[in-house]
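*Asks:* Going down the list, the protein sequences come from chains A and B.
Under the UniProt record's numbering, residue 64 is the last one in the first sequence; the count climbs by one each step, no gaps.
Under the UniProt record's numbering, residue 64 is the last one in the second sequence; the count climbs by one each step, no gaps.
2 protein chains.
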Amino acid sequence: MKNRLRVLRAEKEITQAQLADETGVSRQTINAIEKGKFDPSLPLAFKIARLFNMSIEEIFEDED
Amino acid sequence: MKNRLRVLRAEKEITQAQLADETGVSRQTINAIEKGKFDPSLPLAFKIARLFNMSIEEIFEDED
DNA sequence: ACTATTTGTAAATAAAACTTGACATACTTA
DNA sequence: TAAGTATGTCAAGTTTTATTTACAAATAGT
Numbered sequence: 001m002k003n004r005l006r007v008l009r010a011e012k013e014i015t016q017a018q019l020a021d022e023t024g025v026s027r028q029t030i031n032a033i034e035k036g037k038f039d040p041s042l043p044l045a046f047k048i049a050r051l052f053n054m055s056i057e058e059i060f061e062d063e064d
Numbered sequence: 001m002k003n004r005l006r007v008l009r010a011e012k013e014i015t016q017a018q019l020a021d022e023t024g025v026s027r028q029t030i031n032a033i034e035k036g037k038f039d040p041s042l043p044l045a046f047k048i049a050r051l052f053n054m055s056i057e058e059i060f061e062d063e064d
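(1) State buried or exposed for Asn3 (chain B), treating a residue as buried only when at least 16 other CB atoms are found within 10 Å of its CB.
(2) Hey, is Ser55 (chain B)'s beta-carbon within less than 7 Å of any beta-carbon in chain A?
(3) Below 8 Å, can you find three or more Cβ-Cβ pairs linking the stretch 15-31 of chain A to the stretch 28-42 of chain B?
(4) Classify Arg6 (chain A) as buried or exposed, calling it buried when 16 or more other Cβ atoms lie within 10 Å of its own Cβ.
(5) Can you say whether residue 73 (chain A) is buried or exposed, counting buried as having 16 or more other CB atoms within 10 angstroms of its CB?
(6) I'd like to know whether the C-beta atoms of Ala49 (chain B) and Ile33 (chain B) end up nearer to each other than 7 Å.
(7) In three-state terms, what does DSSP make of Lys37 (chain B)?
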């Protein structure tokens with residue numbers, strides 16, 4: 001599962017810690033997701049998408 | 001997290017077991033998701049969405 | 001009524017998300 | 001040079017929750 005989180009965050013000019021704060025998870029969780037270490041839960045994916053005013057598919061890409 | 005799985009499946013006229021089969025999970029998992037007992041993993045959500053030619057947001061609705 | 005098929009659910013397991021804490025690196029800037 | 005901020009990572013632990021197995025209930029068909 002790839003994602004465009006890194007660039008989106010850069011565009012918005014917010015830090016991992018801020019994103020973590022706004023989504024209610026730890027900074028390391030955001031980092032891990034960005035680095036593709038694991039996928040967010042569906043609810044968290046929704047929260048992130050909402051924060052960027054985007055659809056989940058616009059942010060996350062299933063590689064299959 | 002609500003979802004329209006039940007009706008979509010009805011429209012497609014497939015059984016829980018068939019949907020389970022095509023998404024690679026157990027029949028009970030599909031049932032549980034339909035009944036809202038828990039949310040699918042993000043990869044599974046993608047698989048389901050792809051199967052119905054829909055976006056995740058068109059199938060699942062985050063209630064917050 | 002009987003059988004087959006579909007659905008519901010409890011209980012247990014497996015898996016994975018997420019946390020905490022710590023430390024290291026890089027970049028800035030004062 | 002020192003201090004502050006942002007990111008990377010890792011180990012280890014917790015805890016949530018997705019998923020399975022097994023069994024019960026319901027529904028449909030003959």
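Glycine included, C-beta positions come from ideal geometry on N, C-alpha and C.
*Replies:* In this structure, then:
(1) buried
(2) yes
(3) Too few Cβ pairs lie closer than 8 Å, so no.
(4) exposed
(5) Lying outside 1 to 64, the shown extent of chain A, residue 73 (chain A) is not represented and no answer is given.
(6) no
(7) Secondary structure of Lys37 (chain B) (DSSP, three-state): coil.
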